[in-house]
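*Asks:* Quick one: the structure is below, and I'll ask about it shortly.
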């Protein structure tokens, strides 16, 4: 338990409005969007400046409290869940856009700026920040950097990491580290910023981010193609890539997902179809013309059941918005949505769908699959009920089998959600004991006492037991 | 919402359904749509946080504490989160049920209890009493006492909400209900026959608005039947957490209106419409699903109804005005009626329609919220007024008396010149005598 003096000290430094210690506040800061994981912190703070972060961290150190950073709590691997209690450091009140540099094409923001707010602010100046995770309306840049979030445009434009130019972060020893800058090239020493991106709050607390901006595409064309079976959709994706066309977006939804999304958005998605692909090509008008023709030809070749072209930017926008609701919409069916993040080399896409179908039948589950088909990044989502332990068992067996196959194909256990709590045991399977050892040595170099987001990413030195975690979710032992 | 099994730390009467709280997968899509979260930045004052609190009570991780009660009432019940939720979670309704729980866990003190029971169970259930009770208020305005009070320092002596409530009161006319004929015939070629559900606030505070509603309906070719025995829809009881009185009112109105031979039951009050559409769920335990579904199918907001039937524009006079539209939460979020009022406004000749930024963001009225949380309500209102100002509109159209009161008051306080009109008043301007 945090001492009264420490709480008072926090209030003195940060202001009473920026410190929460009532149980009702703490209860709702102990989760993110990962199902079944929840833990009470002892205190939550909302610093509004880097100095505030530093002050809070000093007090936490002094009290021996673990520190867990949190943005908007939209993570999908439990990264911001305080499994060992301690202090939740909420960064969402540090939400100023400090600068949009139109000469260097960069933007500098505080960690709590909402992704879409940045997108809109730079769009107002004729610039483009591409990473667009499904939760872009809610998620913060700090969280995006910590989990290296992807999004619908990842295929052509890359993920958050590809846009991070500089970071300011506070380390557990009380130092403020600034790494990177506005220079396009920078090979001075180890690339700390690349270590910090995707470090899930285990190395330092990021307070400020400078990102790269690019000119927006001049034109785009959006296709919606329907398929009578999922594998044909997978085949279309592989053929488009093999034809050397890189669409900005190539998203897939299976029948279960189509129906759930349609229940919510009601825009006339085809309920009877086995799958749909949302494909967008963008760039210079001449190139868009050429690529659109190429995409259309391939869709016809593989015999897509129907091919539609969005009539307007609004229609294209509403299709992308509909796709972003996929995961949440799947939650209509059953109380618990266990989502995974398997990613395979793209040539394996059709086989991955076949494997998902096989395992779904084998374990007698309801599975909705959607995802970034063009990236080989799928989100097979088991729709289940955490109160049914037998079903949860089968769900976990499903993922075990699936990941074995994904790894055998040279895939990865997480394309964009991070390891957090949810996928610790799979990480070791993927990178091996040697890999984990090196990662831990890096962790110790930044955080020798292990106070930053403990219990995440690595299987051992995980004193949190199952008792800490709500039933129904796989945890590492 | 079950009445039998006890769920966790809730009482057994009017507790949330466990499935309803489990439905939330915590994606946070609701967060940017919640006015109280925007105001406080506190997760517990967000829909996701509120549902999580209810879930914690259900899972016995939390008692039904004072803070849970506070969040249940601090919720505007604007339902913006329901619109935003892909998973179909209805946080507003969960909070309504929690209000009912709050009264069980924290029974009001004697005076408060008597007063609350008097208002909810005695006054609001009896239209005649309600109408008589407005007489002093009308005299207060007519005899110049209002002028005296407003020009003295008297209002500054009481709590803030008294001054606001006094200031919000529109110019009062005699209640409409006793004046309105039981049947008003259609004008021109008759297209149908509708029943009119006349809300309490409408008949008492805005009788002239509802008069225009009936006039517009008849000029559109509908015979309008207004049964005098109708009672309050029960919305105030729902928001105050008195679900049992709501049920008895609901049963009364249901029986009364279902006995009429009408094509639709039309209301011009978004709050009433939303409550009437909820009867199906409220009374589900009584069975009679066919009757409930039939009733639900007949309830229409006036703009929803006219948009469905198609506005007869021949003979309408042009209204040369710059107009914008504020969406009542209980129309757009609770009933999903959003496009229809805009279509209706645009169909009136002469109108220069300007879309309002954040049109579906609450105005801060929210039943008694504007009086209970005057400061917070003002902040929400200011955001709305800034958006109204940016449109350059002369008329601010809305469709709910709560919004009407709050917006008119806010505009006056801010020294803005826009006039607030109900959508049927606008239609009334276009309708020839």
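Protein chains in written order, with the working numbering: chain A, 1 to 477; chain B, 1001 to 1433.
All C-beta atoms, glycine included, are put in the ideal place defined by N, C-alpha and C.
1. In its own chain, which residues sit with a C-beta less than 7 Å from the C-beta of residue 1141 of chain B, not counting the 5 before and 5 after it?
2. Would you list the residues sitting across from residue 1194 of chain B in a DSSP beta bridge?
3. Between residue 1328 of chain B and residue 1226 of chain B, is the Cβ-Cβ spacing less than 8 Å?
4. Hey, residue 169 of chain A and residue 207 of chain A are a contact pair by Cβ (cut 8 Å); roughly how many whole angstroms apart?
5. Does residue 465 of chain A come within less than 8 Å of chain B when only Cβ atoms are used?
6. Would residue 1298 of chain B be called buried (16 or more neighbouring beta carbons within 10 Å of its own) or exposed?
7. If you measure beta-carbon to beta-carbon, which residues of the stretch 131 to 142 of chain A are closer than 7 Å to chain B?
8. Kindly indicate which residue of A:337, A:257, A:323 and A:220 has the alpha-carbon position closest to the one of residue 313 of chain A.
9. Which residues in the same chain as residue 1258 of chain B place their Cβ atom closer than 8 Å to its Cβ, once the five residues preceding and following it in sequence are excluded?
10. Just to confirm before moving on: does the CB-CB distance between residue 1306 of chain B and residue 1349 of chain B stay below 8 Å?
11. Which of the three DSSP states is assigned to residue 370 of chain A in this structure?
12. Step through the CB atoms of chain A and report whether any lies within less than 8 Å of the CB of residue 1094 of chain B.
13. The stretch 65 to 80 of chain A: which residues have C-beta closer than 8 Å to a C-beta of chain B, in chain order?
14. If residue 1274 of chain B and residue 1347 of chain B are in contact, beta carbons under 8 Å, what's the gap, nearest whole angstrom?
15. List the residues of chain B that residue 327 of chain A touches, going by C-beta distances under 7 Å, in chain order.
16. Let me confirm a value: residue 119 of chain A is counted as buried when at least 16 other C-beta atoms fall within 10 Å, else exposed. Which label applies?
17. Determine whether the Cβ of residue 469 of chain A lies closer than 8 Å to any Cβ atom of chain B.
18. Are there three or more Cβ pairs, one per stretch, closer than 8 Å when the stretch 57 to 70 of chain A is compared with the stretch 440 to 456 of chain A?
19. Against chain B, with Cβ distances strictly below 8 Å, would residue 331 of chain A count as a contact?
20. Taking only three categories from DSSP, how would you classify residue 339 of chain A?
21. Please list the terminal residues of the continuous beta strand (DSSP E) segment that includes residue 90 of chain A.
22. Return the residue from the list A:281, A:408 and A:366 that minimises the CA-CA distance to residue 247 of chain A.
23. Following the continuous beta strand (DSSP E) through residue 44 of chain A, name the residue where it begins and the one where it ends.
24. Exposed or buried, which one is residue 374 of chain A when buried takes at least 16 other CB atoms within 10 Å?
25. With DSSP as the reference, label residue 1140 of chain B as helix, strand or coil.
26. Looking only at C-alpha atoms, which of A:437, A:78 and A:257 sits nearest to residue 201 of chain A?
27. Anyone know if the C-beta pair for residue 1047 of chain B and residue 329 of chain A falls short of 8 Å?
28. Which bits of chain B does residue 35 of chain A rub up against, with CB to CB less than 7 Å?
29. In chain order, what residues of the same chain have a beta carbon less than 8 Å from the beta carbon of residue 1190 of chain B, not counting five sequence neighbours either side?
30. Relative to the C-alpha of residue 400 of chain A, which candidate in A:356, A:371 and A:385 has its C-alpha closest?
31. Suppose only complete runs of 3+ residues qualify. What are the beta strand (DSSP E) ranges in the stretch 173 to 232 of chain A, listed by chain order?
32. Under three-state DSSP, which class holds residue 1201 of chain B?
33. Do residue 1011 of chain B and residue 1104 of chain B have their CB atoms nearer than 8 Å?
34. Find the nearest neighbour of residue 1065 of chain B within the set A:24, A:94, A:80 and A:72, judged by alpha-carbon distance.
35. Just to check my reading of the structure: residue 1341 of chain B and residue 1325 of chain B have Cβ atoms closer than 8 Å, yes? What is that Cβ distance to the nearest angstrom?
36. Taking residue 1045 of chain B as the reference, give the member of B:1058, B:1057 and B:1030 with the closest Cα.
*Replies:* So, from the listed chains and residues:
1. Within the second chain, the letter at position 141 stands for residue 1141 of chain B. Taken in chain order, the residues that qualify are 1171 and 1172.
2. If you number the second chain from 1, residue 1194 of chain B lands on position 194. BP columns for residue 1194 of chain B point to B:1224 and B:1264.
3. Here residue 1328 of chain B is taken as the residue at index 328 of the second chain, counted from 1. Here residue 1226 of chain B is taken as the residue at index 226 of the second chain, counted from 1. Going by C-beta atoms, residue 1328 of chain B is not nearer than 8 Å to residue 1226 of chain B.
4. Within the first chain, the letter at position 169 stands for residue 169 of chain A. Within the first chain, the letter at position 207 stands for residue 207 of chain A. Contact flag correct, Cβ pair sits at about 6 Å.
5. What you label residue 465 of chain A is simply residue 465 of the first chain in a count that begins at 1. With a pLDDT of 38 at residue 465 of chain A, under the threshold of 50, the modelled position of this residue cannot be trusted; read the value that follows with caution. No, because no Cβ of chain B sits closer than 8 Å to the Cβ of residue 465 of chain A.
6. On the second chain, position 298 is the one that residue 1298 of chain B refers to. Around the beta carbon of residue 1298 of chain B, a 10 Å sphere encloses 16 or more other beta carbons of the protein chains shown; the residue is thus reported as buried.
7. Of all residues in the stretch 131 to 142 of chain A, 135, 137 and 138 have a Cβ within less than 7 Å of some Cβ in chain B.
8. Counting from 1 along the first chain, the entry for residue 313 of chain A is found at position 313. For residue 313 of chain A, the closest alpha carbon among the candidates A:337, A:257, A:323 and A:220 is that of A:220.
9. For the purposes of this step, residue 1258 of chain B is identified with residue 258 of the second chain, where counting begins at 1. Once the five neighbours on either side are set aside, the close Cβ partners of residue 1258 of chain B are 1291, 1294 and 1295.
10. For this step, residue 1306 of chain B is matched to residue 306 along the second chain. For this step, residue 1349 of chain B is matched to residue 349 along the second chain. Result no, Cβ atoms of residue 1306 of chain B and residue 1349 of chain B do not sit closer than 8 Å.
11. Stepping through the first chain from its first residue, residue 370 of chain A is reached at position 370. The answer is strand: DSSP assigns residue 370 of chain A an E or B state.
12. Counting from 1 along the second chain, the entry for residue 1094 of chain B is found at position 94. Taking 8 Å as the CB threshold, residue 1094 of chain B stays off the interface with chain A.
13. Hits within the stretch, in order: 72, 73 and 74.
14. In the second chain, residue 1274 of chain B corresponds to position 274, counting from 1. In the second chain, residue 1347 of chain B corresponds to position 347, counting from 1. Contact doesn't hold; Cβ gap of about 24 Å is too wide.
15. The residue given as residue 327 of chain A occupies position 327 in the first chain. Near residue 327 of chain A (Cβ distances below 7 Å), the residues of chain B are 1027.
16. Counting from one through the first chain, the residue named residue 119 of chain A turns up at place 119. Only buried fits residue 119 of chain A, as 16 or more other CB atoms lie within 10 angstroms of its CB.
17. Residue 469 of chain A sits at position 469 when you count from the first residue of the first chain. With a pLDDT of 42 at residue 469 of chain A, under the threshold of 50, the modelled position of that residue is not reliable, and the figure given next carries that caveat. Chain B, which has no Cβ nearer than 8 Å to the Cβ of residue 469 of chain A, makes this no.
18. Yes, the stretch 57 to 70 of chain A is in contact with the stretch 440 to 456 of chain A.
19. Taking the first residue of the first chain as position 1, residue 331 of chain A is located at position 331. Taking 8 Å as the CB threshold, residue 331 of chain A lines the interface with chain B.
20. For the purposes of this step, residue 339 of chain A is taken as residue 339 along the first chain, with counting starting at 1. Three-state DSSP puts residue 339 of chain A in a strand.
21. Within the first chain, residue 90 of chain A is the residue found at index 90, counting from 1. Its beta strand (DSSP E) spans residues 87 to 90.
22. For the purposes of this step, residue 247 of chain A is identified with residue 247 of the first chain, where counting begins at 1. The candidate whose alpha carbon is nearest that of residue 247 of chain A is A:281.
23. As a working note, residue 44 of chain A is residue 44 in the first chain. Per DSSP, residue 44 of chain A belongs to the beta strand (DSSP E) from 43 to 45.
24. Taking the first residue of the first chain as position 1, residue 374 of chain A is located at position 374. Answer is buried; the Cβ neighbour count reaches 16.
25. Indexing the second chain from 1 puts residue 1140 of chain B at position 140. Of the three classes helix, strand and coil, the one that applies to residue 1140 of chain B here is helix, per DSSP.
26. For the purposes of this step, residue 201 of chain A is taken as residue 201 along the first chain, with counting starting at 1. The residue with the shortest Cα to Cα distance from residue 201 of chain A is A:78.
27. If you number the second chain from 1, residue 1047 of chain B lands on position 47. If you number the first chain from 1, residue 329 of chain A lands on position 329. Contact flag unset, no.
28. Mapped onto the first chain, residue 35 of chain A falls at position 35. Chain B residues near residue 35 of chain A: 1025.
29. Looking up residue 1190 of chain B in the second chain gives position 190. Closer than 8 Å at the Cβ level, and outside the excluded window around residue 1190 of chain B, lie 1221, 1222 and 1223.
30. Sequence index remark: in the first chain, residue 400 of chain A carries index 400 (1-based). With distances taken between Cα atoms, residue 400 of chain A lies closest to A:356.
31. If we require 3 residues or more, the beta strand (DSSP E) runs fully inside the stretch 173 to 232 of chain A come out as 176 to 180, 205 to 212 and 219 to 227.
32. As a working mapping, residue 1201 of chain B is identified with position 201 in the second chain. Residue 1201 of chain B: helix per DSSP, three-state reduction.
33. Locating residue 1011 of chain B in the second chain gives position 11, counting from the first residue. Locating residue 1104 of chain B in the second chain gives position 104, counting from the first residue. For residue 1011 of chain B and residue 1104 of chain B, yes; Cβs fall inside 8 Å.
34. The sequence position of residue 1065 of chain B within the second chain is 65, counting from 1. It is A:24 whose Cα lies nearest to the Cα of residue 1065 of chain B.
35. Position 341 of the second chain holds residue 1341 of chain B. Position 325 of the second chain holds residue 1325 of chain B. In this structure residue 1341 of chain B is in contact with residue 1325 of chain B, their Cβ atoms being roughly 6 Å apart against a cut-off of 8 Å.
36. Stepping through the second chain from its first residue, residue 1045 of chain B is reached at position 45. Comparing Cα-Cα distances from residue 1045 of chain B to each of B:1058, B:1057 and B:1030, the minimum goes to B:1030.
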